[in-house]
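Protein chains in written order, with the numbering used here: chain W, 7 to 855; chain C, 243 to 551; chain H, -3 to 207. Using N, Cα and C, we set each Cβ at its ideal position, and we do this for glycine too. As structure tokens, the structure follows; a few thoughts come after it.
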Amino acid sequence: MAECHPVGFQYVMEAKRRGATIIHVDPRFTRTSAVSDIHVPIRAASDIAFLGGLINHIVSNELDFREYVLAYTNAAAIIGPDFVDTEDLAGLFSGFDPEQATYNHDSWKYEGSPTDTRHKKGTDEDLDASRAEAAGSGGPRVHIKPQLDETLQHPRCVYQLLKKHFARYTPEMVHEVCGIEPAQFQQVADTLVHNSGRERTTALAYAVGWTHHSTGSQIIRAGAILQLLLGNVGRPGGGIIALRGHASIQGSTDIPTLYNLLPGYLPMPHASQHQSLDDWVRADEGAAGFWGNIRDYGVSLLKSWWGDAATAENDFCFDYLPRLTGDHGTYRTVLDQIEGKIAGYFLVGENPAVGSSNGKMQRRGLANLDWLVVRDLVMIESATFWADGPEIETGEMRTADIGTEVFFLPAASHTEKSGTFTNTQRLLQWHHEAVAPPDDCRSELWFYYHLGKRIRDKLAGSTDERDRPLLDLTWEYPEHGVHAEPDAEAVLREINGTGPDGAALSSYTELAADGSTRSGCWIYCGVYADEVNQSARRKPGHEQSWVAPEWGWAWPANRRTLYNRASADPDGKPWSERKAYVWWDQTLADGQGRWTGHDIPDFIADRHPHHVPAEGAQGPDAIGGSDPFIMMTDGKAWLYAPAGVVDGPMPTHYEPPESPVSNPLYPDQQHNPARRSYPHEINARNPDLSEVYPFVFTTYRVTEHHTAGGMSRTLPYLSELQPEFFCEVSPGLATERGLEHLGWATITSARTAIEARVLVTDRMRPLRVAGQVVHQIGLPYHWGPNGLSTGDAANDLVNVTVDPNVNIQDKVGTCAIAPGRRPRGPALLQHVAEHRRRAGVPVDEGKTP
Amino acid sequence: MSNRLSGPLDDVTGDAGYEAHPERMGFFTDTSVCIGCKACEVACKEWNFVPEDGLLLTGMSYDNTQQLDANSWRHVAFVEQTKPVQAPSPTVNTSASTDLGMPTVGLPGAQDPQAADNGDIGVRWLMSSDVCKHCTHAACLDVCPTGSLFRTEFGTVVVQQDICNGCGYCVPACPYGVIDQRKDDGRVFKCTMCYDRLGVGEQPACAKACPTESIQFGPLDELRERAQQRVERLHEQGIDEARLYGESPDDGVGGDGAFFLLLDEPEVYGMPPDPVVTTRDLAAMWRQAGAAALTLTVGVALSFVGRSR
Amino acid sequence: MLSGPRAGCRLVGVRVAWLAVAMRAARTFVEGWPVWRQLTGSDPLGRGHAARSRATDELQNRNATADRVVDSICPYCAVGCGQKVFVKDEKVTQIEGDPASPISRGRLCPKGSASKQLVTSPDRVTTVRYRRPGGTEWEDLDLDTAMDMIADRVLAARRSHWQDEHDGRRVRRTTGISSLGGATLDNEENYLMKKLYTAMGAVQIENQARI
């Protein structure tokens, strides 16, 4: 966190000054470790084993915050009798289909659940991935309130299942898998447990060290289970905090340019199920909680996009939405580009030739397009691959043979346009245009608005039904300035939504399914409440409460801490004075009582803590007075996920796609059985336990640079601070492989070989894992051939295998390392091929199926 | 007015001729909370238009700036240390370790703030942002023949670029090796403590940017008090090696306007252990030289007198 | 570079007390006012007040003289630090932390602190560049022409890769157009992108959020 979010880290340092214990778990010793109380070196990608060990420690000794766990989680819920755990299936859960490498979830459900026909074998494999991500603003759906055993003794209650599932995650096993000494593990476990309860909380903060794995979603799940057991969710000083790495990466999923989502985490329709609006809402409509109002959100979005053309009679133009049939994610798309299936590609502030996994695969895709539009501030590698990409040097590609037509369009910087970023805590903050962009530089807002205008002009008069979605699109925005820049505030107001009278709405609870309201992103409804750009509010922090509600605007409804009903006990009283945040005050509303506190209650304001919903209640009416998790259909946080996570109801440790050890926890199940791989000659995988690729590499960032480098490698003041690509190795590995400090190393995987300057440091530490020493090599991934500070791209080494829930790739792999610079030209290909031959990588590894 | 060249000096600003003047301002750099982000280096360069200082991977941990010089007015040093610590034995299981009476929970803050306990290897990574010390007795200023270096009303030491002729006398005079000539220009450059910001009530750029308040800016007297409390607090927590550097008016430069809390010997951070103003003995030297000159002058005069006879 | 009076001051040389006294006797040789000020004022050693140069006296803080100060947000990571952008003569002259922000309290990391260099960098490409199929060099292209060419290509790709159905199910989409966006775009930009792409029928629309 100190390394990549230094300014956010000020609060950690402040907490430490006040006596907080800071624990840093990371394969390498970073700037964060340097100021932490405890650094826990861990083998990359073994996080579930570590977190599972902590969970085991808590449940097997019943050290959980029992009042919280009973009231607010599904610990007492009873699971159906057909569920079989990994304990009894050698590392698999019940319902696995080895042919499809997917799970049928029917057996995972609460006891008494109706069988869901949607997940039957034979439906499109990617349906689940699409729906899993739709849980971004709410939980997945279950359709009954579970039966409970509040004694937690029922052998099929969640608590007992958790106990059984994690029983093998002992401190000795943690040592075996993660390389963490038992004494240190105990120190961490005791610290967390002692810091749990009414008076104390612990916060977990994570970044891509957790997410970038083929088990990434389950690592986060494990963190969430741990926090729920300790009673650390929805409370001040608690939480599981995603440290996102880009200014608006949260915004990029809220208002997604993602294939499987519409704004507000509404799912893109799938061809096999969603041919009408009714089909599309069927699974969710009426379910308990606010997600049950999905029709309101969906219709308001369609009205926002197609305006008066969207009517009840034509299903509000639902049919204008293109439908999915499977994986249309970025890695699938790149393989399709290589196969010549795609004509055009827009790269908008993104540099996949350096930033995406398996750079060669990316560049091969770029080289096989009809046309490519790159919009960026500087000349990035993804725009120049045809001139100086690594494949030009090796002779794999010849410039003259590359038929891709490339348009480089310069972009406007953040000071040259107005708009909102959504930060890592869901806070929308407006930035104002300070100066006009120079020359041809334009905002993306300008580019897409004017591109849309031109396209619509060219189609004017078309009678082709296919063109109706473009021609009926609401596409009028006020323009200003010499460049006819569209008004970003008008777009934000459209996102917020308007009511029947055309006035801006204040809350998503005002949205309706009858076509009378419009909202481009229901969770952002309220950002333009009272016709005021709430995201532009900048009342100084020191002039308001510590929650600072009048700075920017947080979704939903300007709540700063989600699920904050959980900061009060079931009776609505703060768990303790120290930890008071939101509570029920019976004296308010003329004695009727209301929720109040430091933050906006994330709850129905007048719902009494003891309220029991009527039988058959739907949507928000079905939320009980002590159901803090109002987006979950049973109002509870899930220690066990009876739906919505495609690779298992509980996290399970599997080895990453490339690993030097066999899985000590489940010897019969080396990898996540439901991982999604992309078999292709260009994406060959290093064999398991390969002696040719014996070392672990893990990619990461350093403070001085930013992601793929486009915004840092070109700046002298940042480049001079970290002027070259380097790898970090332990003295032990340096000795073993003859690597010299500041010398060169060649690092080789089945994809390619790269070279890096060597930093030998005690901060990299060999770990004893499963009876063998595992060396880890650290690779900051910021570099490429362009810019002031240059080097090979670390991501070129990475194999693409992704998490089946969210399609995010693993950032860890195995490699060989040797002293000296890498071979040049065709010799590089021979070098890589020789390694592959020795390692036994099949020549035809993964011809595209 | 003391006009002294060494030793404690209560009012360095008044001594420089400012009758009504603001408090002496300074930096207190608390390295125990430095996270080595280098925001100070960049913020300084952005405000002061300091040029890039070369793209060299040094291999000195994450320090690619290497030193303070004409083109680096803040410099974050990174020191990697490995020291043996009481190690939990890898073979001892959990219950046994408890039986052995080994501590299982570290007291918050009981560890060295820059030494996380990571098992059998104790790695410590020290980081410290160095800067011009704005000495009470600034040798650079005392030897400057042009009046380019001067003391501001805030008690800081600043090069006036419209005066500096690049003679370079100040460079060897600095006991810390801070001031330096810009090669393509010839003139000397160093930290001004953002003199142009202080005048309008702004903090220096580095202190303003510093995410963790490692660099604190303020009236020197207040900073000295705060630093004393901080070092006492660290001592209470068992961090005995915490010490102040450059804080004492009794040191060889009469105390620094920019002083530090360090967690090891100053040499470890690349700082001189006992800096002394290089002009300390200047007065005595001049006195002797003057006496000699006087003797000579008298002698010459006498010779004229004699001749005129 | 040195003016007459300055040269006079320079003669004062090392400002040590007794030397200054000696110089006082020689003051007829020195006409310049700084020396006069030095020798007659409160700073006889010329180390402070008396040594102030014209540039020092005329020193101005460029933030104080900015034409306007614009509220902004740092474009690097997702902490969302507040920034103040200072503008003079329609140029960004300084970017620093906004002390009012309850997120960042005025602080910035090295990347945030380098924001001015980011937006004013001479390495920014500010005109359209075009590489024709098989081309070995960049060429110039008018922005308006480029926009028109891109619109034509979008429409052609949309048509050539159009699918009304896939495996017998209605999909009404095109598979000819793909997109990968960065996560430094504004929400409003992402919104127009998703809206336009969806209306085109394009589905292979992705973002750094997937990377």
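Roughly how many whole angstroms lie between the Cα atoms of residue i and residue j?
i	j	result
residue 479 of chain C	residue 25 of chain W	11 angstroms
residue 198 of chain W	residue 208 of chain W	7 angstroms
residue 178 of chain H	residue 506 of chain W	35 angstroms
residue 183 of chain W	residue 779 of chain W	12 angstroms
residue 502 of chain W	residue 478 of chain W	21 angstroms
residue 163 of chain W	residue 62 of chain W	16 angstroms
residue 58 of chain H	residue 47 of chain H	23 angstroms
residue 689 of chain W	residue 802 of chain W	10 angstroms
residue 100 of chain W	residue 650 of chain W	15 angstroms
residue 627 of chain W	residue 565 of chain W	21 angstroms
residue 192 of chain H	residue 230 of chain W	37 angstroms
residue 833 of chain W	residue 759 of chain W	11 angstroms
residue 436 of chain C	residue 317 of chain C	16 angstroms
residue 819 of chain W	residue 325 of chain W	43 angstroms
residue 845 of chain W	residue 755 of chain W	10 angstroms
residue 205 of chain H	residue 152 of chain W	34 angstroms
Counting C-beta neighbours from all protein chains within 10 Å, is the total for residue i 16 or more, i.e. buried, or is it exposed?
i	result
residue 171 of chain W	buried
residue 33 of chain W	buried
residue 56 of chain W	buried
residue 422 of chain C	buried
residue 538 of chain W	exposed
residue 103 of chain H	buried
residue 792 of chain W	buried
residue 291 of chain C	exposed
residue 598 of chain W	exposed
Assuming residue i is part of the beta strand (DSSP E), what are its boundary residues?
i	result
residue 207 of chain H	Per DSSP, residue 207 of chain H belongs to no beta strand (DSSP E) and is neither H nor E.
residue 754 of chain W	750 to 754
residue 93 of chain H	87 to 93
residue 394 of chain W	Looking at the DSSP string, residue 394 of chain W is not in any beta strand (DSSP E); the run it does join, the alpha helix (DSSP H), is 387 to 394.
residue 242 of chain C	Since the first residue of chain C shown is 243 and the last is 551, residue 242 of chain C is not available in this structure.
Going by beta carbon distance, what residues of the same chain come within less than 8 angstroms of residue i, once the five residues before and after it are set aside?
i	result
residue 830 of chain W	399
residue 746 of chain W	740, 764, 766 and 825
Cutting at 6 angstroms between CB atoms, please list the residues of its own chain near residue i, excluding the five before and the five after it.
i	result
residue 631 of chain W	613, 614, 615, 616 and 617
residue 70 of chain W	64 and 235
residue 309 of chain W	316, 521 and 524
residue 116 of chain H	88
residue 314 of chain C	295 and 307
Just to confirm my understanding: we take residue i, look at its own chain, exclude 5 residues before and 5 after, and list those with CB closer than 7 angstroms. What are they?
i	result
residue 607 of chain W	570, 571, 588 and 601
residue 321 of chain W	282 and 283
residue 154 of chain H	170, 172, 173, 196 and 197
residue 186 of chain W	46, 48, 56 and 180
In terms of residues, what are the limits of the alpha helix (DSSP H) holding residue i?
i	result
residue 284 of chain W	283 to 288
residue 256 of chain C	254 to 257
Three or more C-beta pairs below 8 angstroms linking the segment 702 to 711 of chain W and the segment 785 to 797 of chain W
yes
If we count Cβ pairs, one from each stretch, closer than 8 angstroms, do we get three or more for the segment 481 to 496 of chain W versus the segment 261 to 271 of chain W?
no
Three or more beta-carbon pairs under 8 angstroms between the segment 455 to 462 of chain C and the segment 269 to 286 of chain C, yes or no?
yes
Under 8 angstroms: do the segment 154 to 174 of chain H and the segment 325 to 333 of chain W share three or more Cβ pairs, one atom per stretch?
yes
Whether or not the segment 690 to 704 of chain W and the segment 250 to 268 of chain C are in contact is what I'm after, with contact meaning three or more pairs of Cβ atoms, one per stretch, closer than 8 angstroms; do they touch?
Counting C-beta pairs with one atom in each stretch, the segment 250 to 268 of chain C and the segment 690 to 704 of chain W have fewer than three that are closer than 8 angstroms, which means they do not touch.
Pairs of beta-carbons, one from the segment 375 to 391 of chain C and one from the segment 405 to 418 of chain C, closer than 8 angstroms: are there three or more?
yes
Tell me, please, whether the segment 427 to 442 of chain W touches the segment 252 to 262 of chain W by the rule of three or more beta-carbon pairs shorter than 8 angstroms.
yes
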